[in-house]
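Residue numbering for the sequence shown follows the UniProt record's numbering, starting at 1 and increasing by one per position.
In this text, a Cβ means the ideal position worked out from N, Cα and C, and glycines have one as well.
Everything numeric in this text was worked out from a predicted model, so none of it was measured.
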Amino acid sequence: MHIQVVKSKIHRVTVTGADLNYIGSITIDEALMEASNIIEGEKVQIVNINNGERLETYAIKGPRNTGEITLNGPAARKVHRGDIVIIISYASMDFEEAKNFKPSLVFPNEKDNSLT
């Protein structure tokens, strides 16, 4: 039996932009992606703390150490600059394997999305 478990989480980051005219996705600072073990193109869930919206999209790399968190395309209608979001990715794995799996959890500074 396989189950879905949290693989990666960037907890409480501030949205720095919303670009409705981009083709889609979420742009995430490359340093945050590496720290959380999220790769480019990976499916992620976005949970907006400010309005309760939940949506799925895919991650693309933003410039390293800029703190960029930009929702692109239709997802831009679900967030506003300054909103606090949680970014989560999941993995499917065997039930027994999942019991010992440790997700990559990142808790950035909400003011500038930095890792320090």
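Helix, strand or coil at residue i according to DSSP, with G and I counted as helix
i, result
"Asn113", "coil"
"Leu20", "coil"
"Met93", "strand"
"Lys102", "coil"
"Arg64", "coil"
"Arg81", "coil"
Same chain, Cβ closer than 6 Å to residue i, neighbours up to 5 away in sequence not counted
i, result
"Gln4", "Tyr90, Ser92"
Outcome for residue i when other beta-carbon atoms lying within 10 angstroms are tallied against a minimum of 16
i, result
"Thr116", "exposed"
"Asp83", "buried"
"Lys9", "buried"
"Asn72", "buried"
Residues bridged to residue i [DSSP beta-bridge criterion]
i, result
"Ala59", "Ile26"
"Asn48", "Val85"
Same chain only: Cβ atoms within 8 Å of residue i, ignoring 5 sequence neighbours per side
i, result
"Arg64", "Asp29, Glu30, Ala31"
"Ile49", "Arg12, Asp83, Ile84, Val85, Ile86"
"Arg81", "Val15, Thr16, Gly17, Ala18"
Own chain residues within Cβ distance below 7 Å of residue i, not counting five before or after
i, result
"Ala76", "Ala18, Asp19, Leu20"
Rounded Cβ spacing between residue i and residue j (contact assumed at less than 8 Å)
i, j, result
"Asn113", "Gly67", "3 Å"
"Gln45", "Glu56", "5 Å"
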